[in-house]
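>
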Amino acid sequence: MDRDLPYWIAFSRVPSVGAARATVMERHFQTMEAAWNASAAELRASGLDQRTVNSIVTVRSSIQPSEEIARLERLGVQAFTWNDPAYPPSAP
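For the sequence shown, the working numbering gives the first residue as 330, with consecutive numbering after it.
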């Protein structure tokens with residue numbers, strides 16, 4: 330399993346964090362784990378707007394990335410990030 334996968338899944342549960350903002354964080358922090366653990370000031374410095382930063386800071390206290398993976402496993406769901414070789418290629 331990709332070490333960052335739990336953090337990708339956790340971020341997917343944060344309102345206002347989609348592909349564009351995930352890309353901003355991935356480029357700035359290099360890993361989604363680092364982004365998840367970043368301070369509000371660090372998130373803002375990455376280029377995120379204040380509304381998104383507030384959303385992340387508020388929601389992440391109620392989300393445990395490892396529990397998100399366990400929940401998906403119980404449901405029989407397999408998750409991928411766009412960095413995973415098994416991720417489907419983009420449509421032309």
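All C-beta atoms in this analysis are idealised placements derived from N, C-alpha and C, irrespective of residue type, glycine included.
Source: prediction; values computed, not measured.
1. Of the residues 346, 333, 397, 337, which one's Cα is nearest the Cα of residue 383?
2. Got a sec? Which residues, its chain only, sit under 7 Å from residue 337 by beta carbon, not counting five neighbours each side?
3. Which whole-angstrom value describes the C-beta separation of residue 388 and residue 343, a residue pair presumed to lie in contact below a C-beta threshold of 8 Å?
4. Within a Cβ cutoff of 6 Å, which residues of the same chain sit near residue 367, ignoring the five residues on either side of it in sequence?
Well, looking at it:
1. The residue labelled residue 383 in the question sits at position 54 within the sequence shown. Of the candidates 346, 333, 397, 337, the one whose C-alpha sits nearest the C-alpha of residue 383 is 346.
2. In the sequence shown, counting from the first residue as 1, residue 337 sits at position 8. Excluding positions up to five away in sequence, the list reads 361, 410.
3. Position 59 of the sequence shown holds residue 388. Position 14 of the sequence shown holds residue 343. Between residue 388 and residue 343 a beta carbon distance of about 5 Å is seen, short of the 8 Å cut, so the two are scored as contacting.
4. For this step, residue 367 is matched to residue 38 along the sequence shown. Cβ neighbours of residue 367 beyond the five flanking positions: none.
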